[in-house]
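Structure first, commentary second.
Numbering (this note's numbering), first residue to last: 22 to 309.
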């Protein structure tokens with residue numbers, strides 16, 4: 022159970038202690054999408070089980086309402102429980118892939134004040150004020166419209182870190198933005214936008230990355246975790262990203278999944294696990 026956003030790292034540690042096993046090969050995690058710091062949760066799990074054990078999964082969504090999300094566990098349905106499955110055994114076949122398809126635009130803005138996943142200032146100006154100025158007419162539909170304009174995280178030297186951050190909430194009183202995962206003080210953020218075709222290509226790239234890792238003769242399961250922001254951009258073409266994945270995997274794959282407020286996956290095989298936003302993140306599971 023998650024006691025609130027500030028409990029995210031400790032909740033991850035508690036899960037890690039339950040999951041720790043000699044032959045642990047991978048972990049599948051499903052968590053609530055609001056009142057959580059997803060990157061702290063992942064870091065908490067990794068701090069116990071080790072950075073070399075891959076973690077994949079995602080945070081639940083509620084179709085852009087940002088009010089209440091649910092996970093299903095052994096005992097009950099909950100709006101504050103994190104569910105994790107430890108995957109073990111020599112017969113396990115496992116693959117993962119994560120890709121976005123969004124493009125940055127406009128100037129890079131320096132993060133001059135933040136705490137965890139709450140962004141207070143960009144270039145010394147209230148972050149919400151800067152963000153609303155960029156969004157124009159879209160600003161009146163915040164926080165939901167924030168799904169259409171996520172941030173690219175850049176390093177202090179403006180290099181692309183490869184992580185995207187979605188807005189989960191706003192605070193008009195203090196002028197802050199609550200993001201789905203942590204951001205770096207003195208790093209830079211750049212706004213992003215996307216076209217449907219680029220997002221579909223991104224889903225295909227995620228499937229190809231997972232397929233390269235994965236080799237099993239029989240039927241297998243593919244869990245597709247796609248950010249709800251992608252669904253909003255694609256509209257009635259949203260089925261096409263699933264079709265693109267199905268085409269890569271072929272008839273032996275059984276596809277399932279959900280629209281999320283955060284996706285969990287390493288960038289590449291062997292890399293540490295990260296919280297992503299606005300991606301298609303795929304986990305493949307099978308037995309030899």
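Just so you know, even glycine gets a beta-carbon here, dropped at the ideal spot from N, CA and C. The model shown is predicted, which means the values in this text are computed figures rather than measured ones.
To the nearest whole angstrom, what separates the beta carbons of residue 174 and residue 184, a pair I think is in contact under 8 Å? 4 Å
Give the straight-line distance between the Cα atoms of residue 279 and residue 178, rounded to the nearest whole angstrom. 36 Å
Just verifying my parser: in three-state terms, what is the DSSP assignment at residue 292? coil
contact_flag[the segment 212–229, the segment 240–258] where n(CB pairs < 8 Å) is 3 or more: yes
Bridge partner(s) assigned by DSSP for residue 173: 185, 211
With distances taken Cα to Cα, identify the nearest neighbour of residue 176 among 213, 208, 95. 208
Rounding to the nearest angstrom, what Cα-Cα distance links residue 212 and residue 131 in this structure? 12 Å
Quick one: measure Cβ to Cβ for residue 81 and residue 91, integer angstroms, because I've assumed they're closer than 8 Å. 6 Å
Using beta-carbon positions only, say whether residue 254 and residue 156 come within less than 8 Å of one another. no
What separation, rounded to the nearest whole angstrom, lies between the Cα atoms of residue 237 and residue 307? 7 Å
Excluding the 5 residues flanking residue 127 on each side, which residues of the same chain have their C-beta closer than 8 Å to its C-beta? 155, 211, 212
Closest Cα partner of residue 234 within the set 193, 225, 198, 290: 290
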